[in-house]
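Reading through the structure tokens given below for one structure.
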Amino acid sequence: MPEPSAAQRQYLLRKKREKQFVLLARILILLGFSGLWEISARLGWIDSFIFSSPCQIGATFISMCRDQSLFTHIAITLKETLLSFFLVVIFGTGTAVLLWSSRKLSLILEPYLVVLNSLPKSALAPLLIVWLGANERTIVVAGMSVAIFGSVINLYTGFQEVDPEKRKLIATLGGGKKEELKKIVLPSSIPLILSVMKVNIGLCLVGVIIGEFIGARQGLGYLIIYGSQTFRHAGILK
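Numbered per the numbering used here, the sequence shown spans residues 630 to 867.
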């Protein structure tokens, strides 16, 4: 392998210094913000009871790590999030494939999917508690409700935009919908599916925490709502 030229070495050095500068700037911004926050709380510029402070947050974090309560709540929320995410991937992809395979069904259901996707999901959480009870299943469903409809719409739209010339080629060779799906649509849509999955994992977490706000006795959402009710704001901000 030939040695890099002087210009290439200079370019690589410049890129390395740029990365170091960006990393240093990020660290300095975080430290500056935390320092200003702590000083403001200590000097009484802000009410530390309301806004807490980095030192209080750190002390609460260490305390919860020592009694392992934090890890318990994180594990519960993580399990519910992963379960809702897995179900969203399965049902979302399956429903999008079903809509793609039947034009009549897609024309019938598409308006309902758009309306359901636009509904405020936080307003559905109390209804889910009434319908399904205050249990883990309800929280998983709350997580799914935030992501499932948008996932179906995005995947179905992506399936529709697959290269029509390739689909015509499959039809010319005597293939049907099944062959189009296996040979053209799904392989071409892998980047889209991965992109939708990246968005869905965050949405499922939001939905799970919303569900935990109302119907849980464990989890990060429960910690947040409990901290706000007992004015333990350091516990919320950690």
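Glycine included, every Cβ here is placed at the ideal spot set by N, Cα and C.
Check, Outcome
"V775 vs C684 beta-carbon contact at 8 Å", "no"
"Per-residue burial, K648 [other beta carbons within 10 Å of its own, 16 or more giving buried]", "exposed"
"For Q789, the nearest candidate out of S634, F700, S731 (CA to CA)", "S731"
"Local conformation of A763 per DSSP, three classes", "coil"
"Among I777, I854, G673, nearest to V828 - alpha-carbon criterion", "I777"
"8 Å Cβ cutoff met for G787 and L815", "no"
"Neighbour-count burial assignment, N764, 16 or more Cβ in a 10 Å radius", "exposed"
"Short Cβ contact (8 Å threshold) for S682 with E667", "yes"
"Backbone secondary structure at E739 - three-state DSSP", "helix"
"Host alpha helix (DSSP H) of S926 (start-end)", "Absent from the structure is residue 926, since the part of the chain shown begins at 630 and ends at 867."
"8 Å Cβ cutoff met for E709 and G848", "yes"
"When G772, L745, N746 are compared against I758, the one with the closest alpha-carbon", "G772"
"Three-state secondary structure assigned by DSSP to V651", "helix"
"Assigned secondary structure, L821 (DSSP; H/G/I helix, E/B strand, else coil)", "helix"
"Assigned secondary structure, P755 (DSSP; H/G/I helix, E/B strand, else coil)", "helix"
"Residue burial classification, L748 (beta-carbon count within 10 angstroms, cutoff 16)", "exposed"
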